[in-house]
Amino acid sequence: MVINNSLSSEKIINNNLSEEDLKKFREQGFIGPFKFMEADEVASLTKELKKITARAFFWKRLVAKIARIFKIQDHQIPSFVWGKAKWGKGLHATIPLMYKVSNDPVILDKISSILGDNVLQWSTQILSKTSDVDYPWHGDVEHIEWEGITVWLALSNVSDQTPMDIVTRTHALPNYTYPQELNRNEGIDLNDDQAVLEAAQKLDPECELLSMKLKPGEFFIFAGRLWHVPRIYSSLERTVMISQYSPPSEKIQIPTTFEPPITWKSSLPPCVLAKGKDDYGHNLVVEPPE
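Next comes the structure, spelled out in structure tokens:
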């Protein structure tokens, strides 16, 4: 793979979303998929991203082995163990290739179409998962506090057997009703697709359950408050890259709990100004990694 100014295979001048795309995103809470790079280029990129991630988090992995003995969760591990990244989502601020991929014009121009001229990137991580982990429906807890959008880039071993399921329109439910809240207050089974969909449709009858089935090298964008769940029915390890962005007006924090009530670390995560300017000063904004 040849790395130029743009990693993507889409050599077009205008990568912005169309008005029709923006209308769909605002109403449905997602847009895509889009092609980022050719499928035959993905394997080498995935290998490199996984290698540098493992190197960056060497000490964290060592501490995690000890932490598991004492039943300590990742979010309870002190921030210094993660190095400059501060937490598992901080790779955009520490690894040049991670920053380069997540801010490629094919991705960033679409993000800017939604968020505007000023874009703050606060999260990037590589997730490699297998079918032995069963995920419940959820909304990302960070977005209880602030608005943002997520880019889900499919890398290795992605197929119809590894979709991301979403419930459309849930990003705009009244008072941001999220699945964990319904589980706690109403006993909704978050592993029951039909129960989750029916709960959403009580609040908005037009909600639908969709499976986003991406190919290697494709990505889609969804609102941070959209209900979603990753599915892995394959025996192979599926790898994706997830990046998250917000306007600089939002204050970004690190959660210490993932079930209500959510609590937050006092230290701030590193953010990178992907585009434009920051007139607010709420966040720990660092220079892009070189």
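The numbering of the sequence shown is our numbering, which starts it at -10 and goes up by one.
Note that the Cβ used here is the ideal one computed from N, Cα and C, for glycine as well.
Item: For Glu37, which of Asp154, Ile84 and Gly176 has the nearest alpha-carbon?; Value: Ile84
Item: May I ask whether a heavy atom of the ligand SAH can be found less than 7 Å away from the beta carbon of Leu109?; Value: The ligand SAH is absent from the structure shown, which contains no ligands of any kind.
Item: Which same chain residues, not among the five before or five after Asn180, have their C-beta less than 8 Å away from its C-beta?; Value: Asp123, Pro125 and Trp126
Item: Near Glu(-1), which residues of its chain fall below 7 Å by C-beta distance, leaving aside the five closest residues on each side in sequence?; Value: Reliability of the predicted coordinates at Glu(-1) is poor, the pLDDT of 47 falling under 50, and no value is obtained from them.
Item: Give the list of continuous alpha helix (DSSP H) stretches no shorter than 4 residues that lie fully inside the segment 172 to 235.; Value: 182 to 192
Item: Fully enclosed by the segment 94 to 137, which alpha helix (DSSP H) runs are 4 residues long or longer?; Value: 94 to 104 and 131 to 134
Item: What does DSSP give as the partner residue(s) for Leu142 in the beta ladder?; Value: Phe208 and Met230
Item: Would you call the segment 244 to 254 in contact with the segment 138 to 151, where contact means no fewer than 3 C-beta pairs closer than 8 Å?; Value: no
Item: Please report the distance separating the alpha-carbon of Val275 from that of Val140.; Value: 21 Å
Item: Candidates Leu262, Asp267 and Phe211: which alpha carbon is nearest Leu11's?; Value: Phe211
Item: Under a three-way DSSP split, which group does Ile155 fall into?; Value: strand
Item: How would you call Pro205, buried or exposed, if buried means at least 16 neighbouring beta carbons within 10 angstroms?; Value: buried
Item: Note down the Cα distance separating Asn164 from His132, rounded to an integer number of angstroms.; Value: 12 Å
Item: Under 8 Å between the Cβ atoms of Leu97 and Lys264?; Value: yes
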